[in-house]
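Presented below is the structure to which this report refers.
Protein chains in written order, with the numbering used here: chain A, 49 to 627; chain B, 89 to 508.
Okay, structure coming up:
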């Protein structure tokens, strides 16, 4: 790309940035909170309970009254600002040592089994024969010892901390709405630990791409997920390649010339220097040639993340978006990998000159990008759009009216009921469009609507297993010393979070969670939890029921078992499954 | 265990009530509505076993007569020769791994068919994507919400008067069972009850409290699921399950698959109206140290074979009602890799066992293992779409006939492997 063209693109880009900033400041301020719960016949206590049940993971003892006395508006404002200090969470996360790591450290410390084997073989710490003769357990133990000796750590540690921190934050976090929305948006932009290539990145994905943006701007979050290695690997964009590329053609010509030169040299003086390097280059070229366009991410970004399946895109649009996103890849971080060696050799300067864009853990590979002209949703993108083209497309998707509707419907589904009224969704969609995707504005519009407070919407939704478990912890002020045990029960009840295979994420419908088997597990969860049969769960039910004379008497009579059983029944009861 | 003759003698509802400690709600409701539902009517049952991890079809049922195979697998090649693993020759072209010998009689008796070169047209080599596609039955559409077995159950057209119509012996509902029709996941029948630290009397009181609460709740979905849970619990008298004795001479392997199949046999013999059953088997992802006649794969195959054989023998008089089909998400490379194993490939093989199966044959459209005939120069290509087998078995055995609903977006032909 020559200087003149670059200047033009930059200028256009700069103007667009200025314009959009202007647009944001004039429209992005949030509406005032004005909750019409009296109109639907609710008193402030009922309204507070409803607010807590939807915008938190469940009220703690006495919290409904706290919210009433504080004022519902004030509580909601506080939750929307999400900056209350989180001492309890921080205390419980002491000793966790993977939560603040960057992707580079993680990728080079926590290897998956395949990588580990290769590294150990490379370092001659194991040989292929010793693998053949070992039995399975012996084999695993040997691998583990070698791994630790070589300075690596097991992937399970990473996973365990990820899972545990989610439980701790949801149960003890003060900024409950932020936690609820992290759960919601992660599910919307789902990635899964079931996919080997992306599992190492999920820690930072939730921490850096999702959590900071959950109460912010939708487009910012979309772009953050689109550039994060976790998403690029999960939906295969990392390996999507186009051969309609000038750089690739030049490279092939260069290799052809080099090949001839080397052949001549060999023929004339029997000199074979340069052949090994040549072979490496050919290998890379051939590998790239075998790969092709992968449409997975292009389809899902439109179907699941923005426009929605009925959002008005065609199969052709999917292919065109896939073409546009070729080159969007994770920056190579693995020190022992060829990819990193190659980019290190190329160097930042040369890559930039060729149109590569290196931003944190994201790398736009100009030599994989399809440079041709494209038409997407009726709009023409001229040839050689490069990295900016992708950004423009993300902007187009993030601010599209179909996206506004789709996101509004999903939020209404999560916070109001399984079949939200069209009028409500439209109102929320308008707020989305007018504020260019300000999530707070959409939520406030929702809470300002009578539909949110409709008596029919009260307690209409069914909790997911995770929500059930966390609400049980909060309702009983339980001390959870082994969060992983709670995860095990969520699995039993049918929700292995972080492991949902498909990009659709867990469905938000009662019918998905409630079936004959899962209901029994919920009842048994209630009993196991309340009777402290789950390891690490510490309850003080007496303290909870100090004011309740019947309970006090029962305790005096030594009937702890009965109190626990009743609590268990309450947690497993149909009413506690609802929120 | 209540037997059919005894039932006939004393009259349906009374014996039901006596045996199960109270008439399950759905029976009373069915009787009220005069639905034609005979509690002890024998149903056709389709049992599916999903081998997760990609089973090496080329070693389980080896095309040993192909001269290319030995070159591709220098140390993993097997054949009927004693020095090469003593495989059991099936038809001069294919041979059965010796660990699968307990299934061989079914093959020679014509009850079991093998389909080779079977797989998905979608060439993803990701376990999870491939499993997802195979279980949803739409290899190119991740957006299909239901699973093919849930759709199959819906097509049988029987009144959903039992909570046990589709049962999976797994802890989570498998993808194949997702959908609008009732499906149940129970990992252990013996645990399918309210479990509580305390006396049986206290536990029973708690169960009754739950039952009442669910009966009274205003939420329709919780009310309905609650009723079905308690009906199912009452039907599954756990004592009968704990004291279950398999048929004479039958020994199930003490493995997860053996246990799962045993429980499926129990449910079949309890005549609870089950039509589809599902079990899983793991450990098939043999990248390293696969072994031949002895080793990791051989151990897995032996457990697989003995569990199925025990299950079939245990069924005894119920054999006519049951067809069992296995499946795996893809196969493994034709060549062996550098660590004594094989990597992800494309086509594998599957087994179909039942009295209405045209067995004794290895159905296949396999050309050869010459490099030119391999996909990407490395894998046995898929020459039989898995849907042509699944639809043939489901349609033939369950007597359903709507491939458009069962496998939308397919439009292919069924493989002719069921007896007319």
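By construction, the Cβ of each residue, glycine as well, lies at the ideal position given by its N, Cα and C atoms.
Residue span of the alpha helix (DSSP H) that contains residue i, given as start and end
{"i": "residue 215 of chain B", "result": "215-224"}
{"i": "residue 194 of chain B", "result": "192-196"}
{"i": "residue 365 of chain B", "result": "Element bounds for residue 365 of chain B: not the alpha helix (DSSP H) but the beta strand (DSSP E), 364-369."}
{"i": "residue 522 of chain A", "result": "513-523"}
{"i": "residue 367 of chain A", "result": "363-372"}
{"i": "residue 427 of chain A", "result": "Premise fails: residue 427 of chain A lies in the beta strand (DSSP E), 427-429, not in any alpha helix (DSSP H)."}
{"i": "residue 138 of chain B", "result": "Element bounds for residue 138 of chain B: not the alpha helix (DSSP H) but the beta strand (DSSP E), 133-139."}
{"i": "residue 292 of chain B", "result": "288-304"}
{"i": "residue 463 of chain B", "result": "Segment: none, residue 463 of chain B is in no alpha helix (DSSP H) and carries neither H nor E."}
Reduced DSSP secondary structure (H/G/I, E/B, other) of residue i
{"i": "residue 202 of chain A", "result": "strand"}
{"i": "residue 465 of chain A", "result": "coil"}
{"i": "residue 205 of chain B", "result": "strand"}
{"i": "residue 339 of chain B", "result": "coil"}
{"i": "residue 442 of chain B", "result": "strand"}
{"i": "residue 498 of chain B", "result": "coil"}
{"i": "residue 527 of chain A", "result": "strand"}
{"i": "residue 378 of chain A", "result": "strand"}
{"i": "residue 246 of chain B", "result": "coil"}
{"i": "residue 352 of chain B", "result": "helix"}
{"i": "residue 504 of chain A", "result": "coil"}
{"i": "residue 144 of chain A", "result": "coil"}
{"i": "residue 265 of chain A", "result": "strand"}
{"i": "residue 171 of chain B", "result": "helix"}
{"i": "residue 78 of chain A", "result": "coil"}
{"i": "residue 621 of chain A", "result": "coil"}
{"i": "residue 114 of chain B", "result": "At residue 114 of chain B, the pLDDT of 46 sits below 50, so the modelled position is not reliable; the number obtained from the coordinates is stated separately. DSSP places residue 114 of chain B in helix when its eight states are reduced to three."}
{"i": "residue 98 of chain A", "result": "helix"}
{"i": "residue 581 of chain A", "result": "coil"}
{"i": "residue 398 of chain A", "result": "helix"}
{"i": "residue 343 of chain A", "result": "coil"}
{"i": "residue 119 of chain B", "result": "Bear in mind that the predicted position of residue 119 of chain B carries a pLDDT of just 44, short of 50, making it too unreliable to give a figure here."}
Within 7 Å, strictly: CB atoms of residue i and residue j
{"i": "residue 157 of chain B", "j": "residue 457 of chain B", "result": "yes"}
{"i": "residue 498 of chain A", "j": "residue 87 of chain A", "result": "yes"}
{"i": "residue 273 of chain A", "j": "residue 237 of chain A", "result": "yes"}
{"i": "residue 375 of chain A", "j": "residue 450 of chain A", "result": "no"}
{"i": "residue 505 of chain A", "j": "residue 473 of chain A", "result": "no"}
{"i": "residue 224 of chain A", "j": "residue 132 of chain A", "result": "no"}
{"i": "residue 203 of chain B", "j": "residue 481 of chain B", "result": "no"}
Buried or exposed (CB count within 10 angstroms, at least 16 for buried), residue i
{"i": "residue 414 of chain A", "result": "buried"}
{"i": "residue 192 of chain A", "result": "exposed"}
{"i": "residue 288 of chain B", "result": "exposed"}
{"i": "residue 77 of chain A", "result": "exposed"}
{"i": "residue 462 of chain A", "result": "buried"}
{"i": "residue 138 of chain B", "result": "buried"}
{"i": "residue 624 of chain A", "result": "buried"}
{"i": "residue 73 of chain A", "result": "Residue confidence for residue 73 of chain A is low, a pLDDT of 40 falling below 50, so the modelled location carries little weight; the figure read from the coordinates is stated next. So residue 73 of chain A counts as exposed."}
{"i": "residue 172 of chain A", "result": "exposed"}
{"i": "residue 296 of chain B", "result": "exposed"}
{"i": "residue 151 of chain B", "result": "buried"}
{"i": "residue 528 of chain A", "result": "buried"}
{"i": "residue 509 of chain A", "result": "buried"}
{"i": "residue 214 of chain A", "result": "buried"}
{"i": "residue 363 of chain A", "result": "exposed"}
Residue range of the unbroken beta strand (DSSP E) whose run includes residue i
{"i": "residue 315 of chain A", "result": "That residue, residue 315 of chain A, is in no beta strand (DSSP E); its alpha helix (DSSP H) goes 294-317."}
{"i": "residue 256 of chain B", "result": "254-256"}
{"i": "residue 573 of chain A", "result": "Per DSSP, residue 573 of chain A belongs to no beta strand (DSSP E); it is in the alpha helix (DSSP H), 564-578."}
{"i": "residue 414 of chain B", "result": "410-416"}
{"i": "residue 412 of chain A", "result": "410-412"}
{"i": "residue 424 of chain A", "result": "422-424"}
>> For the segment 500-519 of chain A against the segment 405-420 of chain A, do three or more pairs of beta-carbon atoms, one drawn from each stretch, fall closer than 8 Å, so that the two count as touching?
In response: No, because fewer than three Cβ pairs between the segment 500-519 of chain A and the segment 405-420 of chain A fall closer than 8 Å, the two stretches do not touch.
>> Does the segment 467-476 of chain A come into contact with the segment 427-446 of chain A, if we say contact requires no fewer than three beta-carbon pairs (one atom in each stretch) closer than 8 Å?
In response: The segment 467-476 of chain A makes no contact with the segment 427-446 of chain A; the number of CB pairs closer than 8 Å stays below 3.
> Per the contact definition of three or more C-beta pairs closer than 8 Å, is the segment 370-379 of chain B in contact with the segment 181-196 of chain B?
Replying inline: no
> Below 8 Å, can you find three or more Cβ-Cβ pairs linking the segment 202-222 of chain A to the segment 132-147 of chain A?
Replying inline: Yes, the segment 202-222 of chain A touches the segment 132-147 of chain A.
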